[in-house]
Amino acid sequence: MRKTATLFLLSSLCAFSAGAQTTPVLDWANIFDGQTSSGDQAEAVSPASDGGAYWHLVGGTTEALPDINYAGETLFRGALYNAGNSMNNNLCILRTAPDGTAAWNLHSDCGDFDTNDGNVATTSDGGAVFTAKVRHTDGMLDKEISIVDGTG
2 MRKTATLFLL SSLCAFSAGA QTTPVLDWAN IFDGQTSSGD QAEAVSPASD GGAYWHLVGG
62 TTEALPDINY AGETLFRGAL YNAGNSMNNN LCILRTAPDG TAAWNLHSDC GDFDTNDGNV
122 ATTSDGGAVF TAKVRHTDGM LDKEISIVDG TG
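My numbering puts the sequence shown at residues 2 to 153.
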């Protein structure tokens with residue numbers, strides 16, 4: 002069974018004020034999808050001041066299936082080796098525009114991200130702060146986490 006993480010943004014994401022809106026409205030939906038049967042998750046989201054969002058994501062890859070996709074296109078190539086029970090948990094910080102398109106991303110190309118251990122939060126100047134727990138890939142102490150921008 003293959004898992005995917007579906008990213009969506011509700012128009013009321015930033016302000017669920019009491020009684021102001023009773024029914025959320027879906028603005029857009031896209032799929033963040035690694036190539037393994039586990040590990041694809043949206044860990045955290047933080048709204049950006051322009052209506053976009055910062056996402057903390059994890060996607061699984063193997064040497065034979067290294068691509069992480071977003072909205073039906075390859076977003077980046079993950080770690081190129083096979084280890085651990087989910088192969089590789091690739092970390093991704095994705096900045097989306099208000100319409101859900103990918104504006105930019107930072108991602109790991111080596112190492113294994115510890116799922117469920119991290120968060121992303123926006124700052125008052127429009128930036129974001131990311132915290133995480135990282136680890137060596139199972140049984141591969143020489144594989145430390147490496148994070149690169151969308152161009153590698």
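In this text, a Cβ means the ideal position worked out from N, Cα and C, and glycines have one as well.
CB of residue i within 8 Å of CB of residue j, strictly
i, j, result
"T37", "T63", "yes"
"G35", "G73", "no"
"G127", "A54", "no"
"N106", "F77", "yes"
"N120", "H57", "yes"
"D100", "W29", "yes"
"I69", "N91", "yes"
"S47", "A104", "no"
"Y71", "F114", "no"
"A80", "N89", "yes"
DSSP beta-bridge partners of residue i
i, result
"H94", "One point to set straight first is that residue 94 is Ile, not His, in the sequence displayed. DSSP output for I94 lists H57 and L107 as bridge partner(s)."
"E74", "Y71"
"T116", "Partner(s): none; T116 has no beta bridge."
"T123", "A129"
"N89", "T62"
Endpoints, beta strand (DSSP E) assigned at residue i
i, result
"P48", "Q42 to P48"
"T23", "First-last for T23: undefined, no H or E at that position."
"S38", "Careful: S38 lies outside any beta strand (DSSP E) and carries neither H nor E."
"I148", "S147 to D150"
### Task
Determine contact between the region 142–149 and the region 105–115, defined as no fewer than three beta-carbon pairs at a distance below 8 Å.
yes
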